[in-house]
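Q: In the working numbering, the protein residues as written are 1092 to 1322. Can you keep this structure in mind? I'll have questions shortly.
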Amino acid sequence: MKRLLVLSGLALAAIVSMPALAVPSISATIDLDTVFAGNIPDGAAPWLTATFTSEQGSHSGTLTLISNTYGSDFLQGLNSKKSTIGWTFYLSQTITGIDCTSGTCADNGAAWNAGGFNSGPVPGVFNLAFGWSSGNRFESGDSVVYDLTFASALTGDPFVLNESDWLSAAHVQGIIGGCSGWIVSGTGRAQGGTPCTTTFTEVVPEPAELGMFGLGLLLTGLFVGLRRRYS
1092 MKRLLVLSGL ALAAIVSMPA LAVPSISATI DLDTVFAGNI PDGAAPWLTA
1142 TFTSEQGSHS GTLTLISNTY GSDFLQGLNS KKSTIGWTFY LSQTITGIDC
1192 TSGTCADNGA AWNAGGFNSG PVPGVFNLAF GWSSGNRFES GDSVVYDLTF
1242 ASALTGDPFV LNESDWLSAA HVQGIIGGCS GWIVSGTGRA QGGTPCTTTF
1292 TEVVPEPAEL GMFGLGLLLT GLFVGLRRRY S
């Protein structure tokens, strides 16, 4: 009996001293580095980066959005559930809560919608979208952190390709020269983009116009000279 108690004590001590089994983590990075249509944003790709972290079995995770754009480039959009978005994703899980914890929060909308959002020319359904107002645009160097709550426990990365093989899409506006473009992340087929160029036409005066201008200067000088002489 004594020996049994000793063995039981040793077994219990071994169990207590065993390190806790690590819960597998979930970590994903989404780089928007491809122009689907429109104009090429300023700066180097990726122009936008999203990171998601969580643990398997958890009902929540942290999503961080970062703008790597340059100059006057910005994101806006999402005035209602199905209006054109600023930045959108496709999820395989239903979201029950979206809470902005820091950064440039999407004050004009942050929503999950199973029916999908209008993502402009980019095909496929996107069901998580973020939009900013004109007075609070998501600009170069900005970032924002969201806590996402899911209806079911996570078994892996919930950010997946939609039926058109896109993970994410965004509408970049304010590109230097007054242009905009749609950028994406995924393996789908993009249309491609072009640089934003602004052509300035130099107006060259005609010879007759130059002559009249010179005559005007001469008469003005003569008038000023006479006025000083007789004042």
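The C-beta atom is built at its ideal place from N, Cα and C for all residues, glycine as well. Nothing here was measured: the structure is a model prediction, and the numbers come from that model.
#1: Between the Cα of residue 1157 and the Cα atoms of 1121, 1279, 1218, 1117, which residue gives the shortest distance?
#2: Taking residue 1262 as part of the beta strand (DSSP E), name the residues at either end of that continuous run.
#3: Please state whether the Cβ-Cβ distance between residue 1194 and residue 1234 is less than 8 Å.
#4: Within a Cβ cutoff of 8 Å, which residues of the same chain sit near residue 1247, ignoring the five residues on either side of it in sequence?
#5: Just checking residue 1251 against the ligand PLP - is the residue's beta carbon closer than 7 Å to any of the ligand's heavy atoms?
#6: What does the Cβ neighbour count give for residue 1202, buried or exposed, with the cut at 16 atoms within 10 Å?
#7: Taking the CB atoms as reference points, tell me whether residue 1272 and residue 1130 lie closer together than 8 Å.
#8: For the beta strand (DSSP E) that contains residue 1203, what are its first and last residues?
#9: Can you tell me which of the three DSSP states residue 1181 falls into?
#10: Around the Cβ of residue 1243, are there at least 16 other Cβ atoms within 10 angstroms (buried) or fewer (exposed)?
#11: Sort 1216, 1196, 1262 by Cα distance to residue 1227 and report the nearest one.
#12: Going by the beta-carbon positions, is the gap between residue 1133 and residue 1161 smaller than 8 Å?
#13: Suppose contacts are defined by Cβ-Cβ distances below 8 Å. Is residue 1125 in contact with residue 1263 by that definition?
#14: In whole angstroms, what separates the C-alpha of residue 1192 from that of residue 1266?
A: A quick look at the data gives this:
#1: 1121
#2: 1257-1266
#3: Yes, Cβ-Cβ distance for residue 1194 and residue 1234 is below 8 Å.
#4: 1117, 1147
#5: Within the structure as shown, the ligand PLP is missing, as the structure has no ligands at all.
#6: buried
#7: yes
#8: 1201-1203
#9: coil
#10: exposed
#11: 1196
#12: yes
#13: no
#14: 29 Å
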